[in-house]
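Residue numbers (the working numbering), protein chains in the order written: chain A, 7 to 280; chain B, 7 to 136.
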Amino acid sequence: MRNAAKLEAQIRALLDSEQRRDDPLYLALEQLYRRYCDQREQIERLSWISDRYQAAMLQENRVLNARSEQQQRRLQKIARISDRYQEMQRELTRDLRTSATHDPLTGLPNRRLMLEQLQAAGQRRDTDFSLALLDVDHFKQINDAYGHDIGDQVLTRIAALLRSQLRSHDVCARWGGEEFLMLWPDLELSRAIEVAERIRLTMARTPFEIQGVQRTLTISIGVAGYRPDVDQDSADIIKRADFALYAAKRAGRNRTIAERSADDDLADRERTEI
Amino acid sequence: MTITNIEIAATQSTPAIHADSQAGRLVMRGDSYPENSFAFFAPIIEWTERCIAEHGAVSVDLYLLYLNTSSVKAMMDLFDLLESAHQNGRKVGVNWYYDQQNVRVAELAEEFKEDCNFTFEIIAETAAGE
């Protein structure tokens, strides 16, 4: 570059001196120099235009990028908010389902959910299942003596005790006032009677503190097992458990009574026939 | 007065709309998951634009519960409109009311509020209503 400037200066000096002006070499050099200057100017102009153009492109690119980032951010925000609305809706649906299928006081499944579970158990058909209807003995006395609020508290504690005696896939529902229905989806009658009896004993041994006074409560239980040959629907087995519960009450409460089994019926019939 | 009022009753999937040109007030109330949310919201956005142009001000009262994705977008369009009006010195404001029992709605309103520099109040109500 420095060499080029030096050469230019040299040529300009030569041309300015006007020595040998008539020499054809002088004329040729002068023309060549002028042409060189024109071309240099043209290149400078082109470079300037090109630079401006690039700067404009760059600026536009920056604007576009900013706009696209803004759009991106906006889309992300829409998606984020929308996701949260869906989450809210899902929770609402879940809460609604829970409140439609559970007892608000004890948090246990209600009749509706129990009937669904019973139907499911009946449809499986590959395993025996059993259920127990149980009733808290003389519960009315608690309500009468302490009022319904205390009575409700006691019911909640009973529900928790029952639940603690069951496996996670067993179902314990609040069937009515102080009546509970327990379902063992995979236990045959004889095993269910054992479990029910254990629950009855646990209950009788567990003191409940009611307004500073220790009280024990007892329960009566009627147990029934699924009979695929005779049970049309879940109402049949519940009816047999209800009969057994009634028998337990009649026999003096605080006891577990099983429905009469099919074998008992058969034995009776044979006895009569003889 | 060249802008007309808008009065739309709530349906199961669209909120009630009450746009009072005289008062410069827009009220939206209910759930929003319209089948065609562009068609539903376009007149509301347009009303708001004209209200700002003619009054230089608008106040928006929201009692919204559920919004589907396109309604979320429409609300953001509305807030963008209010934001640019605010930048141009217009007097705009949003009151987003929610039921005290449902704090999630307040959290969502908070998300909307994030990029807004105009007055945006999120107000708890003991019972849903005005």
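The beta carbon of each residue, even a glycine, is placed where N, CA and C say it ideally should be.
In this structure, Glu55/B is the residue among Glu13/B, Ala15/B, Glu55/B and Ile128/B with its C-alpha nearest to the C-alpha of leucine 87/B. Per DSSP, the beta bridge partners of cysteine 178/A are Met188/A. Contact between the region 87-105 of chain B and the region 114-132 of chain B is present: three or more C-beta pairs spanning the two stretches fall below 8 angstroms.
If you check each beta-carbon in the region 28-47 of chain B against every beta-carbon of chain A, none falls closer than 9 angstroms.
For serine 88/A, the closest Cβ of chain B is nearer than 8 angstroms. Contact check between the region 237-250 of chain A and the region 200-210 of chain A: fewer than three CB pairs, one atom from each, fall below 8 angstroms, which does not count as touching. Residue environment analysis places leucine 81/A among the exposed positions, since fewer than 16 neighbouring C-beta atoms fall within 10 angstroms of its C-beta. Taking all protein chains shown into account, isoleucine 55/A has fewer than 16 neighbouring C-beta atoms within 10 Å of its C-beta and is therefore exposed. At least 8 angstroms separates the CB of lysine 119/B from every CB of chain A. With a threshold of 8 angstroms between beta carbons, arginine 80/A makes contact with chain B.
Among the CB atoms of chain B, one or more fall inside 8 angstroms of the CB of methionine 94/A. The beta-carbon separation of aspartate 158/A and leucine 187/A, rounded to 19 angstroms, does not stay under the 8 angstroms limit for a contact. Taking a contact to require three or more Cβ pairs closer than 8 angstroms, the region 148-166 of chain A and the region 192-199 of chain A do not qualify as touching.
Per DSSP, reduced to three states, the secondary structure at asparagine 101/B is strand.
Runs of the alpha helix (DSSP H) lying entirely within the region 58-107 of chain B, each at least 4 residues long, are 75-93 in chain order. By the CB criterion at 8 angstroms, tyrosine 252/A and phenylalanine 135/A fall outside the cutoff. Per DSSP, serine 27/B has no beta-bridge partner at all. Ranking Gly183/A, Arg180/A, Val229/A and Arg221/A by CA distance to the CA of arginine 204/A puts Val229/A first. If you draw a straight line from the Cα of valine 111/B to the Cα of histidine 144/A, it comes to about 47 angstroms. The C-alpha of methionine 82/B is placed about 13 angstroms away from the C-alpha of phenylalanine 44/B. Per DSSP, the continuous beta strand (DSSP E) segment holding isoleucine 129/B begins and ends at 125-131. For valine 109/B, no chain A residue has a Cβ inside 8 angstroms of its Cβ, as the nearest lies near 10 angstroms away. If you ignore the 5 residues before and after isoleucine 129/B, its C-beta comes within less than 8 angstroms of the C-beta of Asn101, Trp102, Tyr103 and Tyr104, all in its own chain and listed in chain order. If you draw a straight line from the Cα of tyrosine 72/B to the Cα of valine 33/B, it comes to about 16 angstroms.
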